[in-house]
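Numbered according to numbering that gives the first Met the number 0, the sequence shown spans residues 0 to 113.
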Amino acid sequence: MDLDEFTHITLTVLEDQGTAAYAPTIIAAETVQVIQNIPEGFDHREALQETILRLGLSQSDFFFGVKSGPGEVTTGFHTAISTQFQLISEMKQGFVVSAMKDCPWWTLGRGRDQ
């Protein structure tokens, strides 16, 4: 699987349930982890990164998806060397996928997890 395929799978989920109900998701090797029971008001992006650190995945290869703003879900593929990102935006006419060069809220590999 590559990031485009993971984003397409995520898009299928979003078309079914919308962005508001989307829970942060991590796929590492053959394991799918959906992060649930996030306290109201707690940032899902922070919950995702804390879970990645808690599971010891910061140096592993994994895919992730997380609600990153109103009507937005960021997907990514993380390796020990780099992370690629895509943004899914919910528009009136449907969903639009765009590549992202950088993701300002992503802190793994930028000293926080060292």
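Positions of the beta carbon are idealized from the N, C-alpha and C atoms, including for glycine.
Problem set entry | the segment 18 to 28 / the segment 41 to 59 touching (three or more Cβ pairs under 8 Å) | yes
For this session: Go through the segment 31 to 75 residue by residue and report every complete run of the alpha helix (DSSP H) that reaches 4 residues or more, in order.
Result: 43 to 53
Problem set entry | Residue of THR78, LYS66, PHE62 minimising C-alpha distance to ILE37 | Locating residue 37 in the sequence shown gives position 38, where the first residue counts as 1. Among THR78, LYS66, PHE62, the Cα nearest to that of ILE37 is on LYS66.
For this session: Kindly list the residues whose CB is nearer than 6 Å to the CB of ASP60, restricted to its own chain and excluding five residues on each side of it in sequence; keep chain order.
Result: The count along the sequence shown starts at 1 and reaches residue 60 at position 61. Cβ neighbours of ASP60 beyond the five flanking positions: THR78.
For this session: Give a yes or no on whether the C-beta atoms belonging to LEU2 and GLN85 are separated by under 8 Å.
Result: On the sequence shown, position 3 is the one that residue 2 refers to. On the sequence shown, position 86 is the one that residue 85 refers to. Yes, Cβ-Cβ distance for LEU2 and GLN85 is below 8 Å.
Problem set entry | Beta-carbon contacts of LYS100 that lie in its chain and below 7 Å, excluding the five residues immediately before and after | For the purposes of this step, residue 100 is identified with residue 101 of the sequence shown, where counting begins at 1. Excluding residues within five positions, none has a Cβ falling inside 7 Å.
Exercise. Using the rule of at least 16 other Cβ atoms within 10 Å of the residue's Cβ for burial, across every protein chain shown, is THR9 buried or exposed?
Worked result: For the purposes of this step, residue 9 is taken as the residue at position 10 of the sequence shown. So THR9 ends up on the buried side.
For this session: Label GLN48 either buried or exposed according to how many other C-beta atoms from any shown protein chain fall within 10 Å of its C-beta, with 16 as the threshold for buried.
Result: In the sequence shown, residue 48 corresponds to position 49, counting from 1. Label assigned to GLN48: buried.
Exercise. Who are the near neighbours of ILE25 in its chain, counting only those whose CB is closer than 6 Å to its CB and skipping five residues on each side?
Worked result: Stepping through the sequence shown from its first residue, residue 25 is reached at position 26. The answer, listed in chain order, is GLN32, PHE61, PHE63.
For this session: Could you check if GLU4 is buried or exposed, using at least 16 other CB atoms within 10 Å of its CB as the buried criterion?
Result: Residue mapping note: residue 4 aligns to position 5 of the sequence shown, counting from 1. So GLU4 counts as exposed.
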